[in-house]
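Trainee:
Residue numbers (this note's numbering): 1 to 446.
(1) Residue 58 and residue 394 - do their beta-carbons sit closer together than 8 Å?
(2) Less than 8 Å separating the beta-carbons of residue 128 and residue 102?
(3) Give me the Cα-Cα distance between residue 41 and residue 390, rounded to the nearest whole angstrom.
(4) Just to confirm, are residue 61 and residue 305 a CB contact at a threshold of 8 Å?
(5) With 16 as the cutoff for other CB atoms within 10 Å, does residue 433 come out buried or exposed?
(6) On the three-pair Cβ rule with 8 Å, is the stretch 367-375 touching the stretch 287-301?
(7) Can you list, in chain order, the residues of its chain whose CB lies under 6 Å from that of residue 97, leaving out five sequence neighbours each side?
(8) Measuring straight from C-alpha to C-alpha, what distance separates residue 26 and residue 33?
(9) Tell me residue 123's beta-bridge partners as DSSP assigns them.
(10) To the nearest angstrom, how far is the alpha carbon of residue 444 from that of residue 140?
(11) Note down, in chain order, each residue of its chain lying with its Cβ closer than 6 Å to the Cβ of residue 439, except the 5 sequence neighbours on either side.
(12) Alpha carbon to alpha carbon, how far is residue 418 from residue 197?
(13) I'd like the list of long-range same chain contacts for residue 120, defined as Cβ closer than 6 Å, with 5 residues on each side in sequence excluded.
(14) Among all the DSSP beta bridges, which residues are the ones paired with residue 216?
(15) When the Cα of residue 115 is compared with those of 171, 274, 89, which residue comes out closest?
(16) Which runs of the beta strand (DSSP E), 3 residues or longer, sit entirely within the stretch 283-360?
(17) Residue 214 and residue 178: beta carbons closer than 8 Å?
(18) For residue 387, count the other beta carbons within 10 Å of its own beta carbon; 16 or more makes it buried, fewer makes it exposed. Which is it?
(19) How should residue 118 be labelled, buried or exposed, when 16 other C-beta atoms within 10 angstroms of its C-beta is the threshold for buried?
(20) Per DSSP, residue 407 is paired with what?
(21) So, do the stretch 402-414 and the stretch 314-333 have three or more beta carbon pairs nearer to each other than 8 Å?
(22) I need the straight-line Cα distance from residue 222 to residue 269, nearest angstrom please.
(23) Kindly list the residues whose CB is nearer than 8 Å to the CB of residue 14, restricted to its own chain and excluding five residues on each side of it in sequence; keep chain order.
(24) Find out if the Cβ-Cβ distance for the pair residue 437, residue 392 is shorter than 8 Å.
(25) Start and end of the beta strand (DSSP E) containing residue 474?
(26) Closest to residue 148 by CA distance: which of 189, 185, 106, 164 is it?
(27) How do the stretch 200-208 and the stretch 236-247 stand: do at least 3 beta-carbon pairs fall below 8 Å, yes or no?
(28) Which residues bound the beta strand (DSSP E) around residue 388?
(29) If you draw a straight line from the C-alpha of residue 136 to the C-alpha of residue 237, how long is it?
(30) Going along the chain, which residues of its own chain have a beta-carbon closer than 7 Å to the beta-carbon of residue 309, five neighbours each way excluded?
(31) Please return the same chain residues whose Cβ sits closer than 6 Å to the Cβ of residue 44, not counting the five positions on each side in sequence.
(32) Just checking, does the stretch 343-363 make contact with the stretch 322-333 on the three C-beta pairs under 8 Å criterion?
(33) Could you tell me if residue 48 is buried or exposed, where buried requires 16 or more neighbouring beta carbons within 10 angstroms of its beta carbon?
(34) DSSP on residue 15, reduced to helix/strand/coil?
(35) Just to confirm before moving on: does the CB-CB distance between residue 239 and residue 216 stay below 8 Å?
(36) Residue 286 to residue 247, Cα distance in whole Å?
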């Protein structure tokens, strides 16, 4: 009997090892990335760059327009480039922006073209500390300060309202105030109708200085509702509808108790890139203003069912500096036959490369068998200016020095680490006057 038990255990372990053993991913040619690799090399570029695929971007813009139409508010932190934002604003017709960083607000006010700012409407994505607001007003000239009239200053509690009230009195201003409400994320804002009433009362008592412009309820929790894989969509829709129900209560409280507000066009903002498409089912009730940003570039951490029609529109491309026809890494000689063992176990570790840079929070997408050496790699964002990073691939991978490895950023705002964004159409770099067409990222960084 013991003999059969041991045989079963050995068979089970063998089966586990068989299924755990990596599959050779080498030799899979992707015409898109091969074309892009050739195009970058022909341009004489030999450093890491970001490419923006305008065909994919156009697809994603159309998906957003199909869902939101005139309810769209563009999140700028995920699209940190004046030219990129201008392109999207012109394609969508939206001049409503969400800004998360006060210095970016200055750059937007100064640099956006006139044709996309005739009806500019800026809503901060978080309460801007009053010291930063004061700095904004002091840094901008008189004409630029006029554009701050387009800002709906977000407040999350009575203390923040009082800060803005004191500033408005000091500067003799009437500030537009948008109140943050908690619709389930529990990240701040009015928790219930009583708290909202208290905040609205301060606005009514100080209408010479502060005026209500709307409410903002971020739904970032909805897509992460606890669920099992088979009922995730159902759970998300249930949580989304419950969130809308709570939002509607806040909106009704504001409108019914303050009837003078009903004649104004108020902003009832919600959404986010992971949930914006759900609002196509709710029309404008109660949310009439929906924010999204990353959905335009579709980073790799946004692979959820709500964005299933979106396409990756940004990649980091980095050239190979060194190549070895075998597995190599520091201290491999300390273990006898270590290289042979690694190559026998993992067919995707039979060649080695040092790639220019690395450390980006991104997913390797091409060549398919390329994988980073996890023992020598820095964790993402730990080393943003690395010298060179060690990668491995299958022996069937046709990757040489000077070829490019392509990464799919996890977040849209990862592109701010680069100065230039190279534009792509039909899998090739766009050129203007014989040179690659580029957009610039924000001059001001974090």
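Ideal Cβ positions, reconstructed from N, Cα and C, are used throughout, including at glycine.
Mentor: Taking the geometry as given:
(1) In this structure, the beta-carbon distance from residue 394 to residue 58 does not fall below 8 Å.
(2) Yes.
(3) In this model, residue 41 and residue 390 are separated by some 21 Å (Cα to Cα).
(4) No, the pair does not count as a contact, with Cβ atoms beyond the cut-off.
(5) With fewer than 16 other Cβ atoms within 10 Å, it is exposed.
(6) Below 8 Å, too few C-beta pairs join the stretch 367-375 and the stretch 287-301 to call them touching: fewer than three.
(7) Only 74, 76, 122 meet the Cβ criterion.
(8) Cα-Cα distance, rounded: 15 Å.
(9) Looking at the DSSP assignment, residue 123 forms a beta bridge with 98.
(10) Going from the Cα of residue 444 to the Cα of residue 140 covers about 15 Å.
(11) Cβ-Cβ distances below 6 Å link residue 439 to 81, 83, 84, 421 in the same chain, with the five nearest sequence neighbours on each side left out; the list follows chain order.
(12) The straight-line gap separating the alpha-carbon atoms of residue 418 and residue 197 is approximately 45 Å.
(13) Within the same chain, residue 120 has close Cβ partners 95, 150.
(14) Its beta-bridge partners are 180, 269.
(15) A check of alpha carbon separations from residue 115 across 171, 274, 89 identifies 89 as the nearest.
(16) The DSSP assignment places 289-292, 314-324, 351-356 as complete runs of the beta strand (DSSP E) inside the stretch 283-360, in order along the chain (cut-off: 3 residues).
(17) Yes.
(18) By the neighbour-count criterion, in which a residue is buried when 16 or more other Cβ atoms sit within 10 angstroms of its Cβ, residue 387 is exposed.
(19) Residue burial annotation: residue 118 is exposed, with fewer than 16 other C-beta atoms found within 10 angstroms of its C-beta.
(20) Bridge partners of residue 407: 316, 364.
(21) Between the stretch 402-414 and the stretch 314-333 there are three or more inter-stretch CB-CB distances shorter than 8 Å, so the stretches are counted as touching.
(22) Roughly 15 Å between the two C-alpha positions.
(23) Low confidence applies to residue 14: its pLDDT is 48, below 50, so where it sits in the model is not reliable, and the reading given next is rough at best. Counting only Cβ-Cβ distances below 8 Å, and skipping sequence neighbours, we find nothing.
(24) No, these two residues do not count as a Cβ contact at 8 Å.
(25) Residue 474 is absent from the model: the chain starts at 1 and stops at 446.
(26) For the residues 189, 185, 106, 164, the minimum Cα distance to residue 148 belongs to 106.
(27) Touching, no, given that fewer than three Cβ pairs across the two stretches are closer than 8 Å.
(28) Where residue 388 is concerned, the enclosing beta strand (DSSP E) starts and stops at 388-393.
(29) Roughly 40 Å between the two C-alpha positions.
(30) So the qualifying residues of the chain are 63.
(31) Contacts found: none.
(32) The stretch 343-363, when compared against the stretch 322-333, does touch it at the 8 Å Cβ threshold.
(33) It counts as buried.
(34) Unreliable placement is indicated for residue 15, whose pLDDT of 48 sits below 50; no coordinate value is reported for it.
(35) Here residue 239 is not near residue 216, since their CB atoms are 8 Å or more apart.
(36) Using only the alpha carbons, I get a separation of about 7 Å.
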